[in-house]
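Residue numbers (this note's numbering): 8 to 296. Beta carbons are placed, not taken as given, at the ideal position from N, Cα and C, and that holds for glycine. Each remark here refers to the structure printed beneath this line.
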């Protein structure tokens, strides 16, 4: 691992206060690949059990119950589920949907249908795309995809990657903003994400961090920030937390809720992007073995 536990060093997200070390073993498998990686999604839930069933039975995550907290593990991302009725779904916010990849879409779609979840592939793609059995693909080429609506109108995209060995993994987070170029440039500048090549007429722009693609679309309608919605905030795992806070402060950003837990020597902070996306910064998720 690229980090070692050191006394007095801020290490982890407060959401992991009571997490048994062995429980989160090898979750952020890309964490050794860069100074910033994606860390977690934080979901507000009318029913924690409903979201746990969706993420576990429907999507194949692994559940953990830690000090009364519900956490679902996927390769390269943890999903924290908080009992708090959201003010709305993910669509219409800057974090329109979350993306997972699977080797084969059909059995996953079958499980989701059997669980009573609504497939929304047809309404999620342009009218000229062909949709068969809730699966579609860009006419310009690409991977098969499907969309599902989970509890509290949480939108999730599923991407088929046939040679993927894991049954399910983090694939992308899809942001919407009035100006997608400006939004991508901001994430490249702040987090060091690598901008992908932009083909003329591309539906969205990309930037990559180890283990995840950050996708950016131009919003056709006004969008709102994430705070209080079903995807309340997104989380990035940072190498050298204090230095990163100094970096964002020098950029004119004001970290909020910066706090430590003395007994465990951990710290977290929040920043907000210019479009209203709430972002939690953490350090130490990869140090938990």
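Asked, Found
"Would residue 143 be called buried (16 or more neighbouring beta carbons within 10 Å of its own) or exposed?", "buried"
"How many Å lie between residue 312 and residue 284 at the Cα?", "Residue 312 lies beyond the stretch modelled for the chain, which goes from 8 to 296, so this question has no answer here."
"When the Cα atoms are used, what is the spatial distance from residue 60 to residue 265?", "32 Å"
"Could you give the first and the last residue of the continuous beta strand (DSSP E) run that contains residue 290?", "Premise fails: residue 290 is in no beta strand (DSSP E) and is neither H nor E."
"DSSP on residue 102, reduced to helix/strand/coil?", "strand"
"Can the beta-carbon of residue 202 be found less than 8 Å from the beta-carbon of residue 214?", "yes"
"Could you name the residues of the same chain whose beta carbon sits closer than 7 Å to that of residue 191, not counting the 5 residues immediately before and after it, in chain order?", "202, 212, 214 and 223"
"Going straight from the alpha carbon of residue 205 to that of residue 171, what length do you get?", "25 Å"
"Is the separation between the beta-carbon of residue 161 and that of residue 65 shorter than 8 Å?", "no"
"For residue 116, which of 256, 164, 158 and 196 has the nearest alpha-carbon?", "164"
"In angstroms with no decimal places, state the Cα-to-Cα distance between residue 276 and residue 140.", "43 Å"
"Kindly indicate the opening and closing residues of the alpha helix (DSSP H) around residue 117.", "112–121"
"Taking the alpha carbon of residue 240 as the point to measure from, which residue in 148, 228 and 181 has its own alpha carbon closest?", "181"
"Should residue 178 go down as buried or exposed, given a rule of 16 or more other Cβ atoms within 10 Å for buried?", "buried"
"On the CB-based measure, 16 or more other CB atoms within 10 Å of its CB, does residue 150 come out buried or exposed?", "exposed"
"Give the single residue among 62, 101 and 129 whose Cα lies nearest to the Cα of residue 122.", "62"
"Spatial neighbours of residue 101 within its chain, please: C-beta separation below 7 Å, excluding the five flanking residues on both sides.", "182, 183, 184, 230, 232, 233, 282, 283 and 284"
"State the Cα-Cα distance for the pair residue 51 and residue 245, rounded to the nearest angstrom.", "23 Å"
"If you follow the beta strand (DSSP E) that residue 89 is in, where does it begin and where does it stop?", "84–90"
"Looking at the secondary structure, which residues open and close the beta strand (DSSP E) in which residue 183 lies?", "176–184"
"By alpha-carbon positions, which one of 169, 130 and 43 ends up nearest to residue 155?", "130"
"Which word fits residue 126, buried or exposed, when buried means at least 16 other C-beta atoms lie within 10 angstroms of its C-beta?", "buried"
"Name the DSSP bridge partner or partners of residue 241?", "48 and 286"
"Taking just the CA atoms, how far does residue 278 sit from residue 207?", "32 Å"
"Just the C-alpha distance for residue 90 and residue 79, rounded to the nearest angstrom, thanks.", "14 Å"
"Looking at the secondary structure, which residues open and close the beta strand (DSSP E) in which residue 234 lies?", "Counting along the chain, residue 234 falls outside any beta strand (DSSP E), and DSSP gives it neither H nor E."
"Using only the alpha-carbon positions, how far apart do residue 113 and residue 119 sit?", "10 Å"
"What's the C-alpha gap between residue 103 and residue 238?", "9 Å"
"Using the Cβ count rule (16 or more neighbours within 10 Å means buried), how would you classify residue 68?", "buried"
"Which term fits residue 82, buried or exposed, when burial requires 16 or more other beta carbons within 10 angstroms of its beta carbon?", "buried"
"Over the uninterrupted beta strand (DSSP E) stretch that includes residue 173, give me the two end residues.", "That residue, residue 173, is in no beta strand (DSSP E); it is neither H nor E in DSSP."
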